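Take a look at the structure below.
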Amino acid sequence: MTKNPLIVFLTDFGLQDPYVGIMKGAVLSIDRKAVLIDITHAIEPHNVVQGAVILSAAYRFFPKGTIFVCVVDPGVGTRRRILCVRTRDYYFLAPDNGLLDAVCGQEKKVVARSVVNQKYFLPGLLSATFHGRDIFAPVAAGLAKGRARPEDLGPVIAYRPRLKLPVVKKSRNRLKGVILYFDRFGNAITNICRSDAREKFWAEAEVRVRGHVLGKLRKTYGDWARTAGALFGSADRLEIAYPCGSARKKIPLKAGEEVTVTATVEASGC
Amino acid sequence: MTKNPLIVFLTDFGLQDPYVGIMKGAVLSIDRKAVLIDITHAIEPHNVVQGAVILSAAYRFFPKGTIFVCVVDPGVGTRRRILCVRTRDYYFLAPDNGLLDAVCGQEKKVVARSVVNQKYFLPGLLSATFHGRDIFAPVAAGLAKGRARPEDLGPVIAYRPRLKLPVVKKSRNRLKGVILYFDRFGNAITNICRSDAREKFWAEAEVRVRGHVLGKLRKTYGDWARTAGALFGSADRLEIAYPCGSARKKIPLKAGEEVTVTATVEASGC
Amino acid sequence: MTKNPLIVFLTDFGLQDPYVGIMKGAVLSIDRKAVLIDITHAIEPHNVVQGAVILSAAYRFFPKGTIFVCVVDPGVGTRRRILCVRTRDYYFLAPDNGLLDAVCGQEKKVVARSVVNQKYFLPGLLSATFHGRDIFAPVAAGLAKGRARPEDLGPVIAYRPRLKLPVVKKSRNRLKGVILYFDRFGNAITNICRSDAREKFWAEAEVRVRGHVLGKLRKTYGDWARTAGALFGSADRLEIAYPCGSARKKIPLKAGEEVTVTATVEASGC
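Chains as they are written, first to last, in the numbering used here: chain A, 1192 to 1461; chain R, 1192 to 1461; chain V, 1192 to 1461.
Rendered as structure tokens:
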């Protein structure tokens, strides 16, 4: 590991309770030089899908060697496994509940291990309710400090996806997707990605949601005003936005709602 | 102090205002090498009891030598004292309003000082409303940098508890406690601790709240479904939880509500 | 730049989405030694005025050389410019929408540049919706690492204020201001500053809001009880507060509401 290893957190712990602080304390008690950064702790409680999507949007922007500690874990204390996944550039620690499904779907090289070696857990304190503190934090710190290598943590296992992430349905001239979640601005983030169709299709296609025709894709949030529109967000996902307002409230929209993109020109099938 | 001293914050400042950032800026202006970590800034405004309980659950997981800056301070600017408390492993700065009561109740060695030496305050700027910036931050940075020792800050005083933390009532076969607060998941955290009774009692006891019989203690959040249950949380406090849901909303429950634990077998008195 | 350059963030991104984490990852991918601190990410979405006021209250408490990354940017992707402002002690990166108006109004030396040199942007990925990641983060990291100097970023331009920040109206014996925003405690922060009148005026003046006479200025939040009062907050702005309660809810008050301060003694004109 480097001199100042980077440990990055994504959880549903929230910031009002002591859980995040305790986890960081447990890391620093083992490795005082670790640098600790948060993606978010505001994943909706137990919403593994939201955690998986947000993690997959964020991880690629961190330096090589980053260790991600991902805890959205309704099954804590049950027999669900804890995984250490090694990709080309990163390490991920997460419960085996699908939280890494979207990341592993994007990566070519995925080596997953079941974390079972109690030598690297918090000594003498394994609780049934807070593995963030008792397992995730000390194992991450062990990796960071170079005290543990992935192969020390447990046996290699096949990575098996656990989530049924909603799939984009394609017909000749149409894509059908759904709203996955809303960001803070009320923008609706969908499961439709730019790579789901050809550039030519996007140039001419029309977006619809809940009976509203949003028209052709915009380029920026400042491109139009006082009506809902659609555009590709920063992670190349189709978003529905309302300039200087919340699409979620203005239209209004719900998670899970269907979004369709239709070719308006005969030749521009997806 | 170590090369990269650790300063850990717990306040009711919230994260929407500039107060936390200003306090950190004030620390770094004195000691650029300090490492700054948050327990939480989301203590309910002026809720000293919640601050005291959360601090006492978290501090033990930080490395030796950590300096805790604790500011839940409705009396800022009045004659309330500011304390520097030294325990075996840690330093605490806090107003003398009971915020350290739960920590000091857990520690054997407690040396408290009244922080009065203005030499270590922010020069030329003592406000009556923001001692976090003007006193707590510069004093913490002074300690961190080794510029000040506790004995430089002011005279030793006797630590006097200020809060009337609700006490668990014990009869031969029964414990009566109360709900202290709720965590983000809606779990109700009580003042009843595992150490309040013998292991044998817990094995057979039944938990009740607001007329609901929750039955025997569970081990993990995943042990049961679709009904409220009780278990020991990560800080060995009795919690009332609702798997994949909020006990606070589902039952529903309020802070201050009575919780009883009763022996179901004649021999298992607490 | 110093060995551990300090980069400080103020945005309206919130903490529930991955945006803040991505921005930090993008910085650390360029400069692993940067120290990252947050003022806040909870500026109300697109509220440039609130961002400007909070930034101006906070920046002076950070060490010399700090680089501030300020992103409240409803015009992202449109033709609005991105600025690098150098003051005597600090660097600021922000959209040219007034977010730096309050800071620049306080500083004597202001050198503004239009950030146009794409050499320092995130390579190969300029999105129209997330300049925090694609421009602000890599430019800040470039400055921090010493790879870029301000003069490398683009041409000097005149700093032009963009906001119409509400002005305090003065007559012989009276100041009229407005409520700018509320802090977490429900204190109403106004645009009236201590420097708007002479000390003698403040000693005898009476504060009114929405028909309520709040009486003379208090010194601390603990100076009175069970009624609204006014005092100067930590940034020397007039605040309306309600001890151990929220002035916003108790009176109640709204942003934009008029606040007047009137001399009660003939001789004490402002």
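For every residue, glycine included, the Cβ atom is placed at its ideal position computed from N, Cα and C.
Every value quoted in this text rests on a predicted model; they were computed, and no experiment measured them.
Partners in chain V for residue i, counting only beta-carbon separations shorter than 7 Å
i: serine 1318 of chain R; result: Ser1425
i: alanine 1339 of chain A; result: Simply none; closest approach about 22 Å.
i: phenylalanine 1321 of chain R; result: Ser1425
i: threonine 1411 of chain A; result: Val1267, Gly1268, Thr1269, Ala1319 and Thr1320
Best match in the options for proximity to residue i [C-alpha to C-alpha]
i: serine 1247 of chain A; options: A:Ile1230, A:His1237, A:Lys1441 and A:Ile1326; result: A:Ile1230
i: leucine 1429 of chain R; options: R:Thr1418, R:Arg1409 and R:Gly1413; result: R:Arg1409
i: histidine 1237 of chain A; options: A:Ile1213, A:Leu1201 and A:Ser1425; result: A:Leu1201
i: valine 1263 of chain A; options: A:Thr1257, A:Leu1219 and A:Leu1274; result: A:Leu1274
i: aspartate 1427 of chain A; options: A:Val1267, A:Arg1417, A:Thr1381 and A:Gly1460; result: A:Thr1381
i: tyrosine 1412 of chain A; options: V:Gly1242, V:Arg1277 and V:His1322; result: V:His1322
i: isoleucine 1348 of chain A; options: A:Pro1434, A:Arg1251, A:Val1307 and A:Pro1443; result: A:Val1307
i: valine 1276 of chain A; options: A:Tyr1210, A:Pro1254 and A:Val1302; result: A:Val1302
i: valine 1211 of chain A; options: A:Leu1313, A:Ile1383, A:Ser1318 and A:Ala1233; result: A:Ala1233
i: cysteine 1461 of chain A; options: A:Lys1360, A:Gly1205 and A:Phe1327; result: A:Lys1360
i: isoleucine 1383 of chain A; options: A:Gly1424, A:Gly1268 and A:Phe1204; result: A:Gly1424
i: isoleucine 1326 of chain A; options: A:Lys1215, A:Arg1389, A:Pro1434 and A:Ser1362; result: A:Lys1215
i: valine 1452 of chain R; options: R:Leu1405, R:Leu1444, R:Pro1443 and R:Phe1312; result: R:Leu1405
i: valine 1199 of chain V; options: V:Ser1318, V:Glu1395, V:Ala1335 and V:Ala1432; result: V:Ala1335
i: arginine 1338 of chain V; options: V:Leu1290, V:Ile1221 and V:Ala1394; result: V:Ile1221
i: phenylalanine 1312 of chain V; options: V:Glu1457, V:Ala1217 and V:Asp1414; result: V:Ala1217
i: phenylalanine 1253 of chain V; options: V:Glu1390, V:Leu1197 and V:Pro1443; result: V:Leu1197
i: arginine 1385 of chain V; options: V:Leu1366, V:Ala1432 and V:His1403; result: V:Leu1366
i: arginine 1304 of chain V; options: V:Ile1370, V:Glu1390 and V:Tyr1350; result: V:Tyr1350
i: proline 1265 of chain R; options: V:Glu1457, V:Asp1414, V:Ile1431 and V:Val1456; result: V:Asp1414
Expected contact under 8 Å - CB spacing of residue i and residue j to nearest Å
i: valine 1398 of chain V; j: alanine 1379 of chain V; result: Not confirmed; about 11 Å, so no contact.
i: alanine 1438 of chain A; j: glycine 1377 of chain A; result: 5 Å
i: alanine 1419 of chain V; j: lysine 1441 of chain V; result: 7 Å
i: phenylalanine 1392 of chain R; j: serine 1459 of chain R; result: 5 Å
i: aspartate 1280 of chain V; j: leucine 1356 of chain V; result: Not a contact, Cβ separation roughly 23 Å.
i: alanine 1394 of chain V; j: alanine 1454 of chain V; result: Actually they are not in contact, since the Cβ atoms of alanine 1394 of chain V and alanine 1454 of chain V sit about 10 Å apart, beyond 8 Å.
i: arginine 1271 of chain V; j: asparagine 1288 of chain V; result: 6 Å
i: arginine 1375 of chain A; j: aspartate 1208 of chain V; result: 5 Å
Residue environment, residue i, which counts as buried when at least 16 other CB atoms sit within 10 Å
i: asparagine 1195 of chain A; result: exposed
i: valine 1158 of chain R; result: Examination of residue 1158 of chain R is not possible in this model, given that chain R is present from 1192 through 1461 alone.
i: alanine 1416 of chain A; result: exposed
i: valine 1240 of chain A; result: buried
i: glutamine 1309 of chain V; result: exposed
i: threonine 1320 of chain A; result: buried
i: proline 1434 of chain V; result: buried
i: glycine 1315 of chain A; result: exposed
i: serine 1362 of chain A; result: exposed
i: proline 1352 of chain V; result: exposed
i: alanine 1249 of chain V; result: buried
i: valine 1267 of chain V; result: buried
i: glycine 1242 of chain A; result: buried
i: serine 1318 of chain A; result: buried
i: proline 1443 of chain R; result: exposed
Check: residue i C-beta below 7 Å from any heavy atom of the ligand MG
i: alanine 1293 of chain R; result: Absence of the ligand MG is noted for the structure shown, with no ligands found whatsoever.
Per-residue contacts from residue i into chain A (C-beta, under 8 Å)
i: asparagine 1195 of chain R; result: Arg1223 and Lys1224
i: cysteine 1275 of chain R; result: The contacting residues do not exist; cysteine 1275 of chain R stays about 20 Å from chain A at best.
i: tyrosine 1311 of chain R; result: Within 8 Å Cβ-Cβ: nothing; tyrosine 1311 of chain R doesn't reach chain A, min ~25 Å.
i: arginine 1272 of chain V; result: Within 8 Å Cβ-Cβ: nothing; arginine 1272 of chain V doesn't reach chain A, min ~13 Å.
i: leucine 1422 of chain R; result: Ala1319 and Thr1320
Listed by chain order, chain R residues near residue i by CB distance under 8 Å
i: isoleucine 1245 of chain V; result: Asp1208 and Pro1209
i: arginine 1324 of chain A; result: Phe1252 and Ser1425
Per-residue contacts from residue i into chain A (C-beta, under 9 Å)
i: proline 1236 of chain R; result: Simply none; closest approach about 12 Å.
Partners in chain V for residue i, counting only beta-carbon separations shorter than 8 Å
i: alanine 1303 of chain A; result: The premise fails here: alanine 1303 of chain A is roughly 23 Å from chain V at the closest Cβ pair, so nothing lies under 8 Å.
Amino acids of chain R, ordered along the chain, whose beta-carbon sits closer than 7 Å to that of residue i
i: lysine 1215 of chain A; result: Ile1228
i: glycine 1205 of chain A; result: Arg1375
Under 9 Å from the C-beta of residue i: neighbouring residues of chain V
i: leucine 1444 of chain A; result: Here the premise fails: no neighbours, minimum Cβ distance about 17 Å.
Within chain A, the residues that residue i reaches when beta carbons sit closer than 7 Å
i: serine 1220 of chain V; result: Phe1252, Phe1253 and Pro1254
i: glycine 1333 of chain V; result: Correct list: empty, because the minimum Cβ distance to chain A is about 15 Å.
Any chain D beta carbon closer than 8 Å to residue i
i: cysteine 1261 of chain R; result: Looking at the structure shown, chain D is missing, and the protein chains on hand are A, R and V.
*Would you check if the region 1287-1297 of chain V and the region 1338-1346 of chain V touch, i.e. whether three or more CB-CB distances between them fall below 8 Å?*
No, the region 1338-1346 of chain V is not in contact with the region 1287-1297 of chain V.
*For the region 1442-1454 of chain R and the region 1278-1286 of chain V, state whether three or more C-beta atom pairs, one from each stretch, are separated by less than 8 Å.*
No, because fewer than three Cβ pairs between the region 1442-1454 of chain R and the region 1278-1286 of chain V fall closer than 8 Å, the two stretches do not touch.
*On the three-pair Cβ rule with 8 Å, is the region 1253-1271 of chain A touching the region 1321-1336 of chain A?*
Of all C-beta pairs linking the region 1253-1271 of chain A to the region 1321-1336 of chain A, three or more are shorter than 8 Å, placing the two stretches in contact.
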